[in-house]
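Those protein sequence lines, which keep their order, are chains A, B and C. As numbered in numbering that gives the first Met the number 0, residues 0 to 283 make up the first sequence, in order. As numbered in numbering that gives the first Met the number 0, residues 0 to 273 make up the second sequence, in order. As numbered in numbering that gives the first Met the number 0, residues 0 to 655 make up the third sequence, in order.
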Amino acid sequence: MTTATSQSSEGSPASGAASTGTEPAGAPATSYEAHFRVWRGDTDGGGLEDFRVEVHEGEVVLDIIHRLQATQAPDLAVRWNCKAGKCGSCSAEINGRPRLMCMTRMSVFDRAQTITVTPMRAFPVVRDLVTDVGFNYTKAREVPAFVPPEGVAPGEYRMQQEDVDRSQEFRKCIECFLCQDTCHVVRDHEENKAAFAGPRFLMRVAELDMHPLDAAEDAGLDRKRTAQEEHGLGYCNITKCCTEVCPEGIRITDNALIPLKERAVDRKYDPLVWLGSKIRRRGR
Amino acid sequence: MATGTEPRPSTTGGVREGNRAAIDAPHLRIDRWWLAPAATAAGLLAFIVYSTWRAFSNADYYAAPYVSPFYSPCLADNCRDMAGGPNWDLFGSWWGISPAIIVLIFPLSFRLTCYYYRKAYYRGFWASPPACAVAEPHKSYSGETRFPLILQNIHRYTFYVALLVAGVLTYDTVLSFRDEHHHWGHMGLGTIVFLVNIVLIWAYTFSCHSCRHIVGGRLRHFSKHPVRYRMWGWVGKLNARHMQLAWASLISVAVADFYVFLLASGAFSDPRLF
Amino acid sequence: MAQVERQQWDVVVVGAGGAGLRAAIEAREQGARTAVICKSLFGKAHTVMAEGGIAASMGNVNAGDNWQVHFRDTMRGGKFLNQWRMAELHAKEAPDRVWELETWGALFDRTKDGRISQRNFGGHEYPRLAHVGDRTGLELIRTLQQKIVSLQQEDFKEHGDYEARIKVFQECTVTRVLKDDEGRVSGVFCYERESGRFFVIEAPSVVLATGGIGKSFKVTSNSWEYTGDGHALALLAGAPLLNMEFVQFHPTGMVWPPSVKGILVTESVRGDGGVLRNSDGKRFMFDYIPDVFKEQYAQTEEEGDRWYEDPDHNRRPPELLPRDEVARAINSEVKAGRGSPHGGVFLDVSTRMPAEVVRRRLPSMYHQFKELADVDITAEPMEVGPTCHYVMGGVAVDSDTAAARGVPGLFAAGEVAGGMHGSNRLGGNSLSDLLVFGRRAGLHAAEYAAGADSSDAGRPVVVDSEVDAAAAEALRPFSAEGPEARTGDDAAAAGLPPENPYTLHQELQQTMNDLVGIIRREGEMEKALEKLGELRVRARRAGVEGHRQFNPGWHLSLDLRNMLLVSECIARAALERTESRGGHTREDHATMDRAWRRVNLICRLSDPTGGLAATDPQRGQIDLSREETEPVRPDLLALFEKEELVKYLAEEELSE
């Protein structure tokens, strides 16, 4: 998808080259009629429904869905909340690509183009654009929580900025579940859902394993090992779609999943590291 | 209600699974999503064809002072004499075929298990997935959980060996500051080709994800290891360009080999700078 | 009436934002079986939008900070109308609430010595806001969410069921708080958005933590959830609302493009060095420093600029005045014709710090402007204007226990509770409010529930007729033209077509925005009340198509009741208060009147028995009364200089 470069060259945005052919010459209109195809239906079936709908300057796809609701389809189901890319509710697939509807500006599309909006296709559909994202909440519960260090009272936590940077990047996650949606491990193979936590929750494991004060190991929990054995890290074949769709720009693959794989190797496949830790433990 | 389609039988698998939104198309992307995997596959194939030919040809790999990176180090009895070059007869005379095979296996395994190349060939050759949100053709998928793909976990060992290989290639580059009579202090166009190649090889090698982990990524408290933290930062910068470096070094190594081939086969003579 | 499923819990928390989750955690840790009900998915609450930070006087950056200073700032910001006991508890307990988050896994930005870093914010004397870049609210919500998950993991180990002792009912809406024959809370009536199915949760304690009312206004930073549900539920249950006229308009919302108008531009932009300019390029805030703040703010640009580097020897720039002052100033500049092309003013960081620093310190602002407005804030100024942001008014509660007045078993915390912030809230005081009073509400709700079990009267019982009435009310939009609508008061409406709920909502937003907005006039508010009356009658005919399964039109029809109730409270209270104070600005009474400091305005439902039977547009549904504020405790008053108190307190209070 190209960015809105056609806009910046002209004084008024949305009057760019995209309007060619649909507007009377010399009159760059601030609004136009767009062609939308929106998936409507529920668990019993459904299909793409055609709409012609007005689009104004500066709008995003979610605005258009709202206009459809207010004017043509009052019962069109859609999940949304903050409309500013901060809550991660309005996840859907626009022209086949997983995206947040509130962060997809209409100006990135050619005006003559048909815009197809469907629910996320990795999860069971509830109705129209709303899917059952329960899978993610189930997986969230399977990741053991932060283990506070013993003997450190609240207010006495001391952490250096460079030590929290990595986990902070992962905590930018708004849980839009687009990475979970696009990941072919579960998107294309329903049967893997039981064994695979998905990028979002493997990233959560990485976040906790890199947390400077997480005391899981003292409590007998080896996150490096469980990432592989209980959360299905091995299913990830690092094809990076999670990183590609992340609206927060988190480098999920490079910074969370691959480092986690390397940490799992430390535990499970690297005799040198194993030997080293044995010797060090004896030395203590 | 929505334009009617019939309720569909369940468990057709993947995005057409019964409980998901009833859309028959395997994907609805309208951009040229196939371009990237197709280009990747074409590029890798071209390299495979070229390198297979060159590796098995067992000829035209030395033109003093240059030795093809495909044949360095040369470890069998049947190697050409390279006058101070990296030919050490570790394998003896029983080795009958091209000596390149002995050595190429190491950079090959490094690249084969590399996190970037894995993505490239899983997508390009295996269509797993072909592109994001494009349904893959396979019925089942177990990723890297079992043999043989679980072997990808040895990447860090291939990295250690790759360091040795890069060391030898550095040695070759140093040797390229000689003339065809092995006198020091000279430079030809080939020297520049070798220099560019070795810089890219090192950059690619150091940008490796395993390297990033070993250097500092495995630490929990960067603040307690300031030197390793800084090194981790540098490697991280390179690592962000891992893909570009992977391609650049792949091309440069082929170019370096091809340059030696041109010289050795007499098709071209090395322009000497001084 | 079909059988409605019933479940028994000890404490029900309505709302899963910061206050709701903190209340739920506390109630569960006190041993109460706790149900959380929220309209969105778990973890999507509006709290995620909070950017700046959590105000807590930990003194990590400036050791001079302590709870007394924080208390003072809060009272000043609220123009002394705060429930002082709440402000005191808030200032005292906030640091513990922040530190506790760390033990649950929160990762705040750090100081050099490894403590929680704190940043400057409008109205706070010292750097006080614990923060994570500009996504502090997200960190708060995620931490609380993950703490709940960890409690569920404990329960799973013990009982084999994650939801044995704490359960989140996500995407469910409460339409009524139910009461037993003695007037005690007995539970809540809810519907599940996904299926439209009704259910009842029986519980002796209900904690309202539903947030604010912003969706009654057109330009707002609030999300769709902010329809004043908790305010309305409390009113309908017979609890009073306090000082509803105080609505905070955040000075800096985006003004362009239209579809994002109102979305917040965090105050940290100014805290970190951003300045406001008008179309003449002038830093106009220097012209708008009110007398009560003259001593604390820089009078020259030079002094203001020096403050960022050396806050101990310089006064802060007036861009960091409390929000109400800045919002009014921007409003005046735009009115005077010195606004930006899209009707705001310029907020500039691009000339104040290097692009690299902007991107590091304000990442989500950079992102937001780039993605939504195609503006690169490192290279050009932002255009900003006031946006409806927060309601200071709310359910009148007991300061210590967060119990709503007059309804045993009902509690309220967070934005839905009134009083803590007086007439104007300081930035950063919201997140700390959620934690401090969320915890208190959870604690006392759990105690109350335990007490109800051991009391003579026993657990309150849900009355069947109440459930039936609530179900009928909720189903009304599906039969807007049905026979039910043609009886009694609605006779006049018979035969009229159903109203589109989206249209009604838009008209309501426009009315509130234009007539009860940032600057208020008597005549306009009277007109607003008329219009609200008309809308209320029309809203009874709000009809929807389709069925009950995830039907947004239906949901909106039900929310309209709440928005109309709350809007009327705001308009009535605003009409009554003939002065300007904090989030309430009257053009016809432009100054603060010390006599009004002693007056709280209380809204009650006129007809507590008949629910919404009042359909006469003239009469309205709300009764307004005045109440004298409780005198501030002397030791707290002693924290202020006499000269300052003179500006706020009435003569008779000073003499006391």
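Idealized CB from N, CA, C, for every residue including glycine.
Do you know offhand how far residue i's Cα is from residue j's?
i: C/E483; j: C/L232; result: The predicted model places C/E483 with a pLDDT of 44, which falls under 50 and marks its position as unreliable, so this point remains unresolved.
i: C/S149; j: A/E149; result: 17 Å
i: C/S566; j: C/L531; result: 8 Å
i: A/A24; j: A/A111; result: At A/A24 the pLDDT is 43, less than 50, meaning the model places this residue with poor confidence and gives no usable figure here.
i: C/R519; j: C/I569; result: 11 Å
i: C/P362; j: C/D373; result: 15 Å
i: B/E143; j: C/A129; result: 42 Å
i: C/G17; j: C/L143; result: 7 Å
i: C/A456; j: C/E465; result: 20 Å
i: A/T238; j: A/R170; result: 22 Å
i: C/L106; j: C/S331; result: 40 Å
i: A/E206; j: A/Y268; result: 22 Å
i: B/G83; j: A/R222; result: 51 Å
i: A/T21; j: A/T103; result: Here the model assigns A/T21 a pLDDT of 40, short of 50, so the residue's position is not dependable, and the following value carries that caveat. Each residue's alpha carbon lies about 21 Å from the other.
i: B/Y115; j: B/H241; result: 7 Å
i: C/G42; j: C/G229; result: 19 Å
i: C/S605; j: C/S624; result: 11 Å
i: C/G481; j: A/F35; result: The pLDDT assigned to C/G481 is 44, lower than 50, so where the model puts this residue is not dependable; a value taken from the coordinates is nonetheless given after this. Cα to Cα, the separation comes out at about 34 Å.
i: B/W125; j: A/K192; result: 21 Å
i: B/Q151; j: B/L103; result: 18 Å
i: A/V60; j: B/A21; result: 22 Å
i: C/A31; j: C/F410; result: 15 Å
i: C/T350; j: C/A378; result: 8 Å
Measure how close the beta-carbons of residue i and residue j come, nearest whole angstrom, since I'm counting them as under 8 Å.
i: C/L263; j: C/I288; result: Incorrect: roughly 24 Å between the Cβ atoms, too far for contact.
i: C/G211; j: C/E414; result: 4 Å
i: B/A253; j: A/R96; result: Not quite, the Cβ-Cβ distance comes to about 34 Å (not below 8 Å), so this is no contact.
i: A/P143; j: A/L128; result: Not really, about 33 Å apart at Cβ, beyond 8 Å.
i: A/G84; j: C/E370; result: 7 Å
i: C/C602; j: C/M85; result: The Cβ separation is near 19 Å, so there is no contact.
i: B/A99; j: B/A54; result: 4 Å
i: C/A697; j: C/V10; result: Because chain C here runs from 0 to 655, residue 697 of chain C falls outside it and cannot be looked at.
i: B/L74; j: B/I96; result: No, B/L74 and B/I96 are not in contact; Cβ-Cβ is about 13 Å, not under 8 Å.
i: A/S88; j: C/L40; result: 7 Å
i: C/V291; j: C/K646; result: 5 Å
i: C/L425; j: C/H123; result: 6 Å
Among the options, whose alpha-carbon lies nearest the alpha-carbon of residue i?
i: B/A134; options: A/R104, A/P153, A/C89, A/R186; result: A/R186
i: C/D634; options: C/W83, C/S278, C/P239, C/F120; result: C/W83
i: C/Y296; options: C/E302, C/R282, C/P310, C/R315; result: C/R315
i: C/L555; options: C/L495, C/L474, C/D606, C/R597; result: C/L474
i: C/G51; options: C/R269, C/L20, C/G261; result: C/R269
i: C/L666; options: C/F79, C/G450, C/A335; result: Any property of residue 666 of chain C remains undetermined from this structure, which presents chain C solely from 0 to 655.
i: C/F216; options: C/H588, C/S398, C/V515; result: C/V515
Can you find a C-beta in chain E that's less than 7 Å from the C-beta of residue i?
i: A/M209; result: Of the protein chains in this structure, namely A, B and C, none is chain E.
* Asked: When Cβ atoms are compared, which residues of the stretch 76-88 of chain A fall closer than 8 Å to chain C?
  -> Correct list: A76, V77, R78, W79, N80, C81, K82, A83, G84, K85, C86, G87, S88.
* Could you name the residues of the stretch 155-175 of chain A whose beta carbon sits closer than 7 Å to any beta carbon of chain C, in the order they occur along the chain? => So the close ones are Y156, R157, M158, Q159, Q160, V163, S166, Q167, R170, K171, I173, E174.
* **Given 8 Å, three or more beta-carbon pairs between the stretch 161-179 of chain C and the stretch 113-132 of chain C** => Segments in contact, no.
* Selection of the stretch 129-140 of chain C by Cβ proximity to chain A, strictly under 7 Å -> Going along the stretch 129-140 of chain C in chain order, one finds V131, R134, L137, E138 with a Cβ nearer than 7 Å to chain A.
* the stretch 147-154 of chain B in contact with the stretch 227-241 of chain B per 3-pair CB rule at 8 Å -> Contact fails: fewer than three Cβ-Cβ distances are below 8 Å.
* Would you check if there are 3 or more beta carbon pairs closer than 8 Å linking the stretch 497-506 of chain C to the stretch 194-207 of chain C? => Flag = no, the stretch 497-506 of chain C and the stretch 194-207 of chain C do not touch.
* To do: Closer than 9 Å, Cβ to Cβ, to anything on chain C: give me those residues from the stretch 55-77 of chain A, in chain order.
  => Flagged, chain order: H55, E56, G57, E58, V59, L61, D62, H65, Q68, A69, T70, A72, P73, D74, L75, A76, V77.
* Asked: Using 8 Å as the Cβ pair cut-off and three pairs as the minimum, do the stretch 426-435 of chain C and the stretch 44-63 of chain C touch?
  -> Yes: the two stretches touch, three or more of their Cβ pairs being nearer than 8 Å.
* **Touch test, the stretch 392-409 of chain C against the stretch 335-343 of chain C, Cβ-Cβ under 8 Å, three pairs minimum** => The stretch 392-409 of chain C, when compared against the stretch 335-343 of chain C, does not touch it at the 8 Å Cβ threshold.
* **Residues, ordered as in the chain, of the stretch 526-548 of chain C that lie near chain A by beta-carbon distance below 7 Å** => Cβ contacts with chain A come from V543, E544, G545, Q548.
* To do: Identify each residue in the stretch 354-379 of chain C for which the Cβ-Cβ distance to at least one residue of chain A is less than 8 Å, and report them in chain order.
  => Using a CB distance below 8 Å, the part of the stretch 354-379 of chain C facing chain A consists of S363, H366, Q367, E370, L371, A372, D373, ordered along the chain.
* May I ask you to list, following chain order, the residues of the stretch 185-200 of chain C that have a beta carbon less than 7 Å from some beta carbon of chain A? => Listed by position, the residues of the stretch 185-200 of chain C near chain A (Cβ gap below 7 Å) are E193.
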